[in-house]
Amino acid sequence: MNSLVRIFAVMHKELRQLSRDRLTFGMIIGMPLLQLLLFGYAINTDVRNLSAAYVDEADSHLSRQLIADMGAAQVVTFGQRVASPGELVALLDAGGISVGVAIPDDFDRRVIARDRPALQLLVDGTDPIVLGVAERLAAIPLRFDSQTGIEERQRMMEVRNFYNPERRSAVNIVPGLVGVVLTMTMVLFTSVAVVREKERGNLELLINTPVRSTELMLGKIVPYIVIGLVQLALILAVGRTVFAVPIMGSEWQVLLASLVFICANLSLGLLISTVAASQFQAMQMTFFVFLPSILLSGFMFPFEGMPEIAQAIAEVLPLTHFNRLIRGIVLRGADISMMARDMAALGVFTAAALTLAIARFNKRLD
Amino acid sequence: MKSNIEFAIQARVLTRRFGSLVAVNEVDLDIPSGRIFGFLGPNGSGKSTTIRMLCGLLRPSAGRATVLGLDAARDSEALKNRIGYMTQSFSLYQDLSVGENLQFIGEIHAIPRRERRRRVGELLSRYNLAGRERQRAGTLSGGQRQRLALAAAIMHRPQLLLLDEPTSAVDPSNRRDFWEGLFELAERGTTILVSTHYMDEAIRCHNLAILDRGVKVADGSPQALGESIGTHVVEVRAGNADAAHLALGKIPRIVSLARLGSRLRAQIPKQTAEPLAIVGEALRNAGIEAEINTVFPDIEDIFVAVTELREHGPIDRESGGTPIRNPVIPRGVAESRAETAPARPRDSARDDRKGDHGGRVEDSGR
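Residue numbers (the working numbering), protein chains in the order written: chain A, 717 to 1082; chain B, 12 to 377.
And the structure:
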């Protein structure tokens, strides 16, 4: 009974302090929104409308058709037609274009003979994503007679796009962002909240009261669980209205997975707070976790594409498991029971971090 | 109060090391219940470390302390309900109001709501904070903060109150009020242990222990301490205190010489039969007229006698003839005797002439 009173006392105090800390309060709402807009609009891995130029020395029916096809695919936008391949290279050098298409004067003959490449794509390969796009351009079919039916036989492989027919990266980004924002805020807020007490000397007073370590930790954690859920709702709501990201699975399962994930992050934050001596150190340690989380969890790059060692590291990070869960539930409409392994991983992480944190936080100064 | 224990605190060979530094070295303490007990010592003398061991914040490296009949290290949790602790720096929440801070402390001690409200109201009016309930603690003055901290420390009516340099940031008149509050508590049966480096505060305590670099060098009532030190104290009032200082500095029997405005206090070992004669002769030889008296040692004399002289022994000046160095005294002493600070910038010729005309007693009045 007294235990509950004390937990409530800490919670109450924490919320009061939080409501007076306008900066933190702003971060709670501002950070998810900012990241959502940044990732949703600006950071777009679907490349469209790369600036391009071409030289068409053949100027035949086929060459003009090809240029029109390329333009129609919207991958490149032809800004200008130049007179020679040399000018294309100059434009590339100057950074004026990302892609140049050079069509030689014997283009038609080469297409018929099919003995050597009929044309050249000059690509600014410094950004591998642009290079990848250019290679897609190279797949556009080249033949005189598009009615012969040879095409069907030649394209043995067909690509079918599941879950994201419009190839919008927002669909992948928004659920992933839930995890990123929660990692960022939950770990940071809790670690800073405890370390701040240490820094300002409040802790020396607190540990001289009957409040127990567990009560103190719980009282500090619970307000942030609520904040985490607010952020979750905010991101999914904005994702739905602004970026039209649907929630295919059950909302309850989203909530359940998020709760477990929030707890994992809060425990990690508490653990950091028992190690860090200052708010600055807590921030540094948070970023030490945050950066690999963003890069390795599958949020930025496909998990399967990473080297094994990176995958092994990623398996330790809560965000990796949460990304699988949230994308599965939100985008594929998967059931949480199909991903029990990831739920279990988050549970184990929480238990381990929390145990360590409580063990490390003794009510002594030595 | 229910304290039928004779000693609120008993410590035996209490020792604390930090690495190779011995912060507290084999300290024995017997602190009677219901009294105000002072720890006097300069910064770094081990006062805070001792207090932290007594309330269970630090574990002793050796020895043990029994506090209110319980082992301070082993039963620290049980002690938390019976001890009030006021940290050296303000450790309440600056971003919470006066009322909210007290409410939080009351909740942490699980005081029932109705009783808590009554208690908070009572403490607010007793410590002159009524009408400031809504003010943020961070905006209070030094004196108000100390009163708030004291109110928080006694919220749960502790039997023992540990105060770590409670008045180091408080002006003299607020300090007096603060001590009035302490006497009131002591009269109601609370045992109070207070550390300080102010001499004028030390003299208010019923009993006193003087700490010097982790070692307890003396303890007892101020009266008993004064009687027990191994020196006579001779006070010299000379018109030309500079010249008197110089003259007396050459006398090997004088083991300590302190300057207070126009007065000097000289300490001469107890075994010397006629201390006045020694001082009088030295001054006559130098042609200085002065008024000399043996006086009862004040706290500073005691402090110098038990710390300085313990280390150096009587200063041997017969070989080198170096002038006696001013005793190293704690910071607070200089503050409480502000008038001694500026050495009068007079040229010595004028001083000597004045000396010839007969010493003019000049006292800025302490």
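Even for Gly, the Cβ is constructed at its ideal location relative to N, Cα and C. All values derive from a computational prediction rather than experimental measurement.
Minimum Cβ-Cβ distance from residue i to chain A less than 8 Å
i, result
"LEU174 (chain B)", "no"
"ALA73 (chain B)", "no"
"ALA121 (chain B)", "yes"
"LYS91 (chain B)", "yes"
"TYR96 (chain B)", "yes"
"SER59 (chain B)", "no"
"SER239 (chain B)", "no"
"LEU25 (chain B)", "no"
"TYR104 (chain B)", "yes"
"SER31 (chain B)", "no"
"SER4 (chain B)", "The structure shown does not extend to residue 4 (chain B), since chain B is modelled only from 12 through 377, so no value can be given for it."
8 Å Cβ cutoff, residue i in contact with chain B
i, result
"ALA850 (chain A)", "no"
"ALA721 (chain A)", "The sequence given here places Val at residue 721 (chain A); Ala does not occur at that position. Cβ-Cβ to chain B under 8 Å: yes for VAL721 (chain A)."
"ASN1078 (chain A)", "no"
"LYS936 (chain A)", "no"
Residue-chain proximity (residue i, chain C), Cβ-Cβ < 8 Å
i, result
"ALA1050 (chain A)", "This model lacks chain C altogether, as its protein chains are A and B."
Listed by chain order, chain B residues near residue i by CB distance under 9 Å
i, result
"LYS914 (chain A)", "The premise fails here: LYS914 (chain A) is roughly 11 Å from chain B at the closest Cβ pair, so nothing lies under 9 Å."
"ARG738 (chain A)", "Result: empty, since nearest Cβ-Cβ is about 11 Å, beyond 9 Å."
Span separating the alpha-carbon of residue i from that of residue j
i, j, result
"ALA297 (chain B)", "VAL266 (chain B)", "19 Å"
"SER102 (chain B)", "ALA160 (chain B)", "8 Å"
"ALA1069 (chain A)", "ILE744 (chain A)", "23 Å"
"PRO286 (chain B)", "ILE262 (chain B)", "12 Å"
"GLY149 (chain B)", "PRO53 (chain B)", "28 Å"
"ASP824 (chain A)", "ARG830 (chain A)", "10 Å"
"ARG28 (chain B)", "ALA34 (chain B)", "6 Å"
"SER983 (chain A)", "LEU173 (chain B)", "34 Å"
"ILE1042 (chain A)", "TYR138 (chain B)", "55 Å"
"THR305 (chain B)", "ALA284 (chain B)", "12 Å"
"SER206 (chain B)", "ILE1029 (chain A)", "52 Å"
"HIS208 (chain B)", "GLU920 (chain A)", "21 Å"
"GLU17 (chain B)", "GLN1000 (chain A)", "52 Å"
"ALA998 (chain A)", "LEU68 (chain B)", "23 Å"
"LEU922 (chain A)", "GLY200 (chain B)", "25 Å"
"VAL317 (chain B)", "ASP182 (chain B)", "28 Å"
"ALA277 (chain B)", "GLN155 (chain B)", "40 Å"
"LEU952 (chain A)", "ILE783 (chain A)", "41 Å"
"ALA980 (chain A)", "THR957 (chain A)", "29 Å"
"ARG679 (chain A)", "LEU853 (chain A)", "The structure shown does not extend to residue 679 (chain A), since chain A is modelled only from 717 to 1082, so the question has no answer here."
"GLU118 (chain B)", "LYS91 (chain B)", "14 Å"
Sub-8 Å separation of residue i and residue j beta-carbons
i, j, result
"GLY944 (chain A)", "ILE889 (chain A)", "no"
"PRO1034 (chain A)", "PHE1065 (chain A)", "yes"
"ARG248 (chain B)", "ALA301 (chain B)", "yes"
"LEU898 (chain A)", "LEU972 (chain A)", "no"
"ASP230 (chain B)", "ILE221 (chain B)", "yes"
"PHE307 (chain B)", "LEU51 (chain B)", "no"
"ILE299 (chain B)", "ARG264 (chain B)", "no"
"THR930 (chain A)", "ILE1074 (chain A)", "yes"
"VAL109 (chain B)", "LEU134 (chain B)", "no"
"MET747 (chain A)", "MET900 (chain A)", "yes"
"LEU986 (chain A)", "THR906 (chain A)", "yes"
"LEU766 (chain A)", "VAL817 (chain A)", "no"
Under 9 Å by beta carbon: chain A residues contacting residue i
i, result
"CYS66 (chain B)", "ASN924"
Where residue i meets chain A, residues with beta-carbon distance less than 7 Å
i, result
"ASN36 (chain B)", "What ASN36 (chain B) touches in chain A: nothing, since even the nearest Cβ is about 17 Å away."
"SER232 (chain B)", "Those within 7 Å of SER232 (chain B) in chain A number zero; the least Cβ separation is about 29 Å."
Chain-ordered neighbours of residue i on chain B, where CB pairs are closer than 7 Å
i, result
"ARG732 (chain A)", "LEU107 and GLU111"
"ALA725 (chain A)", "PHE115, GLU118 and ILE119"
Contact set between residue i and chain B, taken where Cβ atoms lie within less than 8 Å
i, result
"ASN718 (chain A)", "ALA121"
**Message:** Short of 9 Å Cβ to Cβ, which residues in the region 915-928 of chain A face chain B?
**Reply:** ARG916, GLY917, ASN918, LEU919, GLU920, LEU921, LEU922, ILE923, ASN924, THR925, PRO926, VAL927 and ARG928
**Interfacial residues, the region 883-908 of chain A to chain B, with Cβ spacing under 9 Å** = none
**Asked** When you check each C-beta in the region 203-218 of chain B against every C-beta of chain A, which residues fall closer than 7 Å?
**Response** none
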